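Engineer: Everything in the sequence shown is counted per this note's numbering, starting at 3 for the first residue and increasing by one.
For glycine and all other residues, C-beta sits at the position ideal for the given N, C-alpha and C.
Please read these numbers as outputs of a predicted model, since none were measured by experiment.
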Amino acid sequence: MRRTVTEVLDAPEGEEVELLGWIWNKREHGKLVFVDLRDGTGVVQVAAKAGTTDQQSLELLRELGRESVVKVRGLVVRDPRAPFGVEVRCLRAEKVSESMGDFPVRKGMGAKALYDVRHLHIRSPRLTALMRIRSNLVWAVHEYFRSRGFVEIHCPTFITAAVEGGATLFEVNYFGRKVYLTQSVQFYQEAAIYALEKVYSVQPSFRAEKSRTPRHLTEFWHVEAEMAFADLETLLRTIEELVRYTVIRTAELSERELRVLGRRIPVKEVEGPFYRIRYSEALEILRKRGKELPWGSDLGADEERVISNEFDRPVFVTHYPREAKAFYHKLDPEDPRVTLSADLLAPRGNGEIVGSGVRIDDLEELMQRIRENGLNPDDYAWYLDLRRYGSVPHAGFGMGVERVLKWILDLPSVRVASLFPRTPSRTYP
Ligand code: 4AD
Ligand code: MG
3 MRRTVTEVLD
13 APEGEEVELL
23 GWIWNKREHG
33 KLVFVDLRDG
43 TGVVQVAAKA
53 GTTDQQSLEL
63 LRELGRESVV
73 KVRGLVVRDP
83 RAPFGVEVRC
93 LRAEKVSESM
103 GDFPVRKGMG
113 AKALYDVRHL
123 HIRSPRLTAL
133 MRIRSNLVWA
143 VHEYFRSRGF
153 VEIHCPTFIT
163 AAVEGGATLF
173 EVNYFGRKVY
183 LTQSVQFYQE
193 AAIYALEKVY
203 SVQPSFRAEK
213 SRTPRHLTEF
223 WHVEAEMAFA
233 DLETLLRTIE
243 ELVRYTVIRT
253 AELSERELRV
263 LGRRIPVKEV
273 EGPFYRIRYS
283 EALEILRKRG
293 KELPWGSDLG
303 ADEERVISNE
313 FDRPVFVTHY
323 PREAKAFYHK
333 LDPEDPRVTL
343 SADLLAPRGN
353 GEIVGSGVRI
363 DDLEELMQRI
373 RENGLNPDDY
383 AWYLDLRRYG
393 SVPHAGFGMG
403 VERVLKWILD
413 LPSVRVASLF
423 PRTPSRTYP
């Protein structure tokens, strides 16, 4: 009966097993052939040598190139010299399929060349481990929301009006009409809370940002949530709980994958309470660090790096000025120059991982802010309706999946966290 690599790694010494998988790497030492056999669960070393392995199988393993597929029968041996301490001594090997020529993924290739063959590179044990960790992270997000009474909803990708400003909208020709790819499902979630009160979504968002930075993708996965009757305090507590739960749970679920990557998830960074500072205090920190920023400007990547480097745990920056935030943010009744908004910055210079805020629930106020921003209220007719019928105070947030992975796995870029990253210069493969 077929066993997976993971099952084999846990199998007792001497057990006879059958494996099915791809030849990831091969080394020959005199009469010995070592094959790193890869399947959907991991990699295990298979050792073949005359005497143990039958002659025909030994020759087959010598001939087959990388990514050829084999069925291997062998004995489990605990050997501290083998990766993960387990080796399979091959008795017989059978060919399932043979690779044509040299596999285009080789040691020493540059980043661009590797992204050109990403469809093949994702088979590497490191990227496989990464994708498993990503899957565990999204699983943890679902666990969190489901256990707190949130209902998952699915929202459209084609939209007709900007959520996060017109500058980053992708236009789509929709049967001759101009529509856009969504930047956020926030407005649809705001509609849904009048039916369900607490909702969340996990789906892609699109940003036509030409910025080629380690934190920007043109298509990213967005975890978003919206809550009826929530104020700023409830909002911040929910975000903090979600981030803490997700990071700790992902670490728990991903032990084996983290060993493959040689990484540790910095669980300590989320155990204590997150810091909270106001935008005005952020400006003060920047000034002390020689980075003067005029009041009203949004914090860019550089500023966020400086601020998050000051803290050993995530820090909320709250009360951004109205001119730095989208029109839907509620103004602080105690100081209408600022909004009831908050961004969560991850430590070690990582910067923004969550954007959030309390929404305007008053019809007149919302109309006025739309006009103030040079937008046309007609474009937001259905959104305005939500303030006509049973309007309630409410708040919500959005968290970027790739940004969180970059932070907790200390990746050089969000691109690494994406199976097939989309950037201004890349839509292939
Ligand atoms: O701060 P943003 O733009 O907020 C919104 O879209 C709100 N409408 C969300 C809401 O309240 N429902 O984006 C939220 C998060 C950011 O903090 C960041 O983690 C991620 O989405 N994000 C990106 N990730 C990768 N590439 C990009 N270009 C991103 N833009 C935003
Ligand atoms: Mg933001």
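Less than 6 Å between C-beta atoms, sequence neighbours within five positions excluded: which residues of the same chain meet that for R91?
Structural biologist: For R91, where only same-chain residues beyond five positions count, the Cβ hits under 6 Å are A49, T54, G76, L77 and V79.
Engineer: Pick out every residue whose C-beta is nearer than 7 Å to a heavy atom of the ligand MG: which are they, in chain order?
Structural biologist: Residues flagged by the Cβ proximity filter: D345, E354 and G357.
Engineer: Distance check for F318 and L301, CA to CA, integer angstroms please.
Structural biologist: Distance between the alpha carbons of L301 and F318: 13 Å.
Engineer: What residues in its chain sit with their C-beta under 6 Å from that of V340, if we drop five residues either side in the sequence?
Structural biologist: Only H321, P323 and D334 meet the Cβ criterion.
Engineer: Could you tell me the boundaries of the beta strand (DSSP E) in which L39 lies?
Structural biologist: Element bounds for L39: L34 to D41.
Engineer: May I ask whether a heavy atom of the ligand 4AD can be found less than 7 Å away from the beta carbon of V416?
Structural biologist: Checking the Cβ of V416 against the ligand 4AD gives yes.
Engineer: Could I get the ranges of all uninterrupted alpha helix (DSSP H) runs contained in the segment 283 to 348, with 4 residues as the minimum, in chain order?
Structural biologist: Fully enclosed alpha helix (DSSP H) runs of 4 or longer: 303 to 310.
Engineer: So S203 packs on C157, CB below 8 Å; how close in whole Å?
Structural biologist: So it is a contact: roughly 6 Å between Cβ atoms.
Engineer: Please check if any C-beta of chain C sits within less than 8 Å of the C-beta of K293.
Structural biologist: The structure shown has no chain C; it contains just one protein chain.
Engineer: Which class does V485 belong to by DSSP, given the choice of helix, strand or coil?
Structural biologist: What is shown of the chain runs 3 to 431, which leaves residue 485 out entirely.
Engineer: To the nearest angstrom, how far is it from the Cα of A84 to the Cα of R64?
Structural biologist: Near 20 Å, if we compare the C-alpha coordinates of R64 and A84.
Engineer: Considering only their Cβ atoms, is the gap separating V356 from I250 smaller than 8 Å?
Structural biologist: Not in contact: I250 and V356 (Cβ atoms no closer than 8 Å).
Engineer: For a quick check, are the C-beta atoms of G353 and R307 less than 8 Å apart?
Structural biologist: Yes; because the gap between Cβ atoms is below 8 Å, this pair is in contact.
Engineer: When DSSP labels each residue in this structure, what does K200 get in the three-state scheme?
Structural biologist: In the structure shown, K200 sits in a strand (DSSP, three-state: E or B).
Engineer: Tell me the DSSP secondary structure of T162 in three-state form.
Structural biologist: Of the three classes helix, strand and coil, the one that applies to T162 here is coil, per DSSP.
Engineer: Using the rule of at least 16 other Cβ atoms within 10 Å of the residue's Cβ for burial, across every protein chain shown, is Q47 buried or exposed?
Structural biologist: Classification of Q47: buried, given that the 10 Å Cβ count is 16 or more.
Engineer: Any heavy atom of the ligand 4AD inside 7 Å of the beta-carbon of R405?
Structural biologist: Indeed, a heavy atom of the ligand 4AD lies less than 7 Å from the Cβ.
Engineer: Just list the residues that DSSP pairs F222 with in beta bridges.
Structural biologist: S207.
Engineer: Take V19 as the anchor and find which of T8, M3 and E367 has the nearest alpha-carbon.
Structural biologist: It is M3 whose Cα lies nearest to the Cα of V19.
Engineer: Across the segment 264 to 275 and the segment 401 to 419, are there enough close Cβ pairs to call them in contact, namely three or more that are closer than 8 Å?
Structural biologist: Yes, the segment 264 to 275 touches the segment 401 to 419.
Engineer: Going by DSSP, what residues sit across from E20 in a beta bridge?
Structural biologist: E20 pairs with R4 and R75.
Engineer: For A399, report the span of its alpha helix (DSSP H) as first-last.
Structural biologist: Residue identity check: residue 399 is Phe in the sequence provided, not Ala. That residue, F399, is in no alpha helix (DSSP H); its beta strand (DSSP E) goes H396 to G402.
Engineer: Nearest-angstrom Cα distance between R94 and K73?
Structural biologist: Straight-line Cα distance between these residues: approximately 8 Å.
Engineer: Mark D446 as exposed unless 16 or more other C-beta atoms lie within 10 angstroms of its C-beta, in which case mark it buried.
Structural biologist: Outside the displayed range of the chain (3 to 431) lies residue 446, so it cannot be described from this structure.
Engineer: Between the segment 386 to 400 and the segment 219 to 236, can you find at least three pairs of beta-carbon atoms closer than 8 Å?
Structural biologist: Touching, per the Cβ criterion.
Engineer: Distance, Cα to Cα, I135 vs F222?
Structural biologist: If I take the Cα positions, the gap works out to 17 Å.
Engineer: So is the beta-carbon of E199 under 7 Å away from any non-hydrogen atom of the ligand 4AD?
Structural biologist: No, the Cβ of E199 stays beyond 7 Å of every heavy atom of the ligand 4AD.
Engineer: Once DSSP output is grouped into helix, strand and coil, what is the label at H434?
Structural biologist: The structure shown has nothing for residue 434, since the chain only spans 3 to 431.
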